[in-house]
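Visitor: One structure coming up, written as structure tokens, with questions to follow.
In mature numbering (1 follows the signal peptide of the UniProt record, and there is no 0), the protein residues as written are -18 to -1, 1 to 168.
Structure (structure tokens):
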């Protein structure tokens, strides 16, 4: 549950702030469409990981997508600045990899409990996680403040760090539940 909590702090930050980030850095020509590009990629990112997870394991794919989301944040968004192609690449990459936060987290919860317990576990998990979802964007807005470029760097670092921590917590959850056998399909 803590992995999903931290993940939900970050998952809505790029969609909430990518248009203002683009405008702030002078990309007015793409600012109006960049959210649609991110969400279009996220459509594929919500469906494709499920098929991959059936073959390689739900936690394995969730871990990979969390790591790839963090890498796209640190590797692309952090360095995009006034480079429109990098910002567009980030929107596509993040959309593809972050979609799993919506489609795989319920099955990761299911992986850790018996079928009879699922409704209780999932309801409890998202009862708690909902606070992270509600708090993520306002916390990010507080970090961003007035829109100074250094504050955008802090915002991106917060988002990427939350994704990285989430990946670590997913790895720990898998390790604990699988007796630290990391190469199992789980």
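Glycine included, each C-beta is placed from N, C-alpha and C at the ideal position.
Grouping DSSP H, G and I as helix and E and B as strand, with all else coil, what is residue 2?
Guide: The residue labelled residue 2 in the question sits at position 20 within the chain shown. Note: residue 2 maps to helix in three-state DSSP.
Visitor: I'd like to know if the stretch 16 to 28 and the stretch -9 to -2 are in contact, where contact means that at least 3 CB-CB pairs between them fall below 8 Å.
Guide: Cβ pair count under 8 Å is three or more, so yes.
Visitor: Taking the alpha helix (DSSP H) that residue 32 falls in, what are its first and last residues?
Guide: Here the question's residue 32 lines up with position 50 in the chain shown. First-last of the alpha helix (DSSP H) with residue 32: 16 to 38.
Visitor: Using CA atoms only, rank isn't needed, just tell me which of 54, 157, 150 is closest to residue 139.
Guide: The residue you call residue 139 lines up with position 157 of the chain shown. If we check each option's Cα against that of residue 139, 54 comes out closest.
Visitor: Less than 8 Å between the beta carbons of residue -15 and residue 149, yes or no?
Guide: Here residue -15 corresponds to residue number 4 of the chain shown, with the count starting at 1. Here residue 149 corresponds to residue number 167 of the chain shown, with the count starting at 1. For residue -15 and residue 149, no; Cβs fall outside 8 Å.
Visitor: Ignore the nearest five residues each way along the sequence and tell me which others in residue 103's own chain have a CB closer than 6 Å to its CB.
Guide: Here residue 103 is taken as the residue at index 121 of the chain shown, counted from 1. Here the set comprises 91, 95.
Visitor: I need the straight-line Cα distance from residue 60 to residue 12, nearest angstrom please.
Guide: As a position in the chain shown, residue 60 is number 78, starting the count at 1. As a position in the chain shown, residue 12 is number 30, starting the count at 1. Taking the straight line joining both Cα atoms gives about 18 Å.
Visitor: Are the CB atoms of residue -12 and residue 1 within a distance shorter than 8 Å?
Guide: Taking the chain shown and counting its residues from 1, the one referred to as residue 1 is at position 19. Taking the chain shown and counting its residues from 1, the one referred to as residue -12 is at position 7. No, the Cβ-Cβ distance between residue 1 and residue -12 is not below 8 Å.
Visitor: Could you tell me whether the Cβ atoms of residue 7 and residue 57 are closer together than 8 Å?
Guide: Indexing the chain shown from 1 puts residue 7 at position 25. Indexing the chain shown from 1 puts residue 57 at position 75. No, Cβ-Cβ distance for residue 7 and residue 57 is not below 8 Å.
Visitor: Quick check on the burial criterion: 16 or more other C-beta atoms within 10 angstroms. Buried or exposed for residue 169?
Guide: In the structure as shown, the chain begins at -18 and stops at 168. Residue 169 is therefore absent and cannot be evaluated.
Visitor: Use the C-beta contact count for residue 87: other C-beta atoms within 10 angstroms, 16 or more gives buried, fewer gives exposed.
Guide: Taking the first residue of the chain shown as 1, we reach residue 87 at position 105. When all chains shown are included, residue 87 counts as buried.
Visitor: Taking the straight line between their C-alpha atoms, what separation do you get for residue 34 and residue 84?
Guide: Start at 1 with the first residue of the chain shown, and residue 34 comes out as number 52. Start at 1 with the first residue of the chain shown, and residue 84 comes out as number 102. Approximately 15 Å, taken between the alpha carbons.
Visitor: What does the Cβ neighbour count give for residue 156, buried or exposed, with the cut at 16 atoms within 10 Å?
Guide: As a working mapping, residue 156 is identified with position 174 in the chain shown. Buried is the call here.
Visitor: Tell me which same chain residues have a C-beta within less than 7 Å of the C-beta of residue 52, skipping the five on either side of it?
Guide: In the chain shown, residue 52 corresponds to position 70, counting from 1. Result list for residue 52: 142, 145, 146, 149, in chain order.
Visitor: Residue 75: buried (16+ other C-beta within 10 angstroms of its C-beta) or exposed?
Guide: The residue you call residue 75 lines up with position 93 of the chain shown. Buried, since its Cβ has 16 or more Cβ neighbours within 10 Å.
Visitor: Starting from residue 71 and walking both ways along the alpha helix (DSSP H), at which residues does that stretch end?
Guide: Locating residue 71 in the chain shown gives position 89, counting from the first residue. Unbroken alpha helix (DSSP H) run through residue 71: 66 to 80.
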